[in-house]
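Throughout, this note's numbering is defined as the position within the sequence shown, counted from one, plus 26.
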Amino acid sequence: MDAYRAALGTVYSSKLPKSNPFWIMVQGIPLHLWTEDIIRLIGQDIGVYEKAEITTLVVRMRVHINGRLPLIKSSVLELSNGEDITASLVYEKLDKHCTYCQRLDHENRDCLKAKADKREALTIAVSMADKSQRSPHEGEIAQVIRGCSVECSKASTITRTTSFRWGISRLSHMAGKVC
């Protein structure tokens with residue numbers, strides 16, 4: 027049955043458009059970095075940048091992203107003074123997608139990665155119980171599964187996190203004087 031679902035996932039995934047346009051809000055960066063050039067660089071790193079809208083309240087950009095890859099939810103800007111700034115990327119009108127592996131081609135309940143991780147956690151729980159010569163209790167299995175889910179979801183979340191390595195001279199050139 028899993029092979030059948032995997033085959034269906036592949037077929038469905040191949041029918042997804044490769045380029046999906048999204049409006050993405052950029053949050054968590056200081057006001058003096060709210061420039062078209064900085065936002066363009068963030069957008070170009072996650073897809074094909076189209077345009078930005080910068081107001082006094084919000085910064086957002088329109089980017090065409092590859093629908094067959096996991097979504098990028100954050101970007102790290104490293105300033106030459108060693109300071110790291112994490113920009114959160116919030117996709118507008120993002121309906122159905124898998125928050126476990128960040129893909130657009132399925133929802134959480136159909137995530138093959140999540141199911142495989144749960145099976146692996148169950149195997150670990152059973153092998154731990156075998157070593158102690160007793161049957162695992164339901165609570166122990168659930169605890170291992172929850173632990174794996176948290177670890178695995180964190181790992182899958184950072185799979186495509188990007189970072190920028192900018193020197194102060196480049197920032198100064200692009201954004202005027204950076205404090």
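Don't be surprised by glycine CBs; every beta carbon is placed ideally from N, CA and C.
| Query | Result |
| --- | --- |
| Quick one: what's got a C-beta closer than 6 Å to D110's C-beta in the same chain, skipping five residues either side? | V102 and E104 |
| Give the DSSP bridge partners of R88, in chain order. | W49 and K77 |
| By DSSP, does G108 sit in helix, in strand, or in coil? | coil |
| Please classify L97: is it buried, with 16 or more other beta-carbons within 10 angstroms of its beta-carbon, or exposed? | buried |
| On the three-pair Cβ rule with 8 Å, is the stretch 46 to 60 touching the stretch 82 to 90? | yes |
| Using DSSP's beta-bridge definition, name the partner residues of Y117. | I50 |
| Quick one, which of G108, D136, H58 and I68 has its alpha-carbon nearest K99's? | I68 |
| Out of I150, T61 and K139, which one is the CA nearest neighbour of E79? | T61 |
| Using a Cβ-Cβ cutoff of less than 6 Å, which residues in the same chain neighbour S114 once the five nearest sequence positions on both sides are dropped? | Q53, G54 and S100 |
| State the Cα-Cα distance for the pair I150 and C137, rounded to the nearest angstrom. | 20 Å |
| Can you list, in chain order, the residues of its chain whose CB lies under 6 Å from that of S140, leaving out five sequence neighbours each side? | Contrary to the premise, residue 140 reads as Ala rather than Ser in this sequence. Counting only Cβ-Cβ distances below 6 Å, and skipping sequence neighbours, we find Y126. |
| Measuring only the C-alpha atoms, how far is T154 from E146? | The displayed chain sequence assigns Met, not Thr, to residue 154. Between M154 and E146, the C-alpha separation is close to 12 Å. |
| Closer than 6 Å by C-beta to N107: which residues in its own chain qualify, once you throw out the five before and the five after it? Chain order, please. | none |
| Which residues in the same chain have their Cβ closer than 6 Å to the Cβ of E76, if we skip the five residues on either side of it in sequence? | R88 |
| Closer than 6 Å by C-beta to G73: which residues in its own chain qualify, once you throw out the five before and the five after it? Chain order, please. | V89, H90 and I91 |
| With DSSP as the reference, label L103 as helix, strand or coil. | strand |
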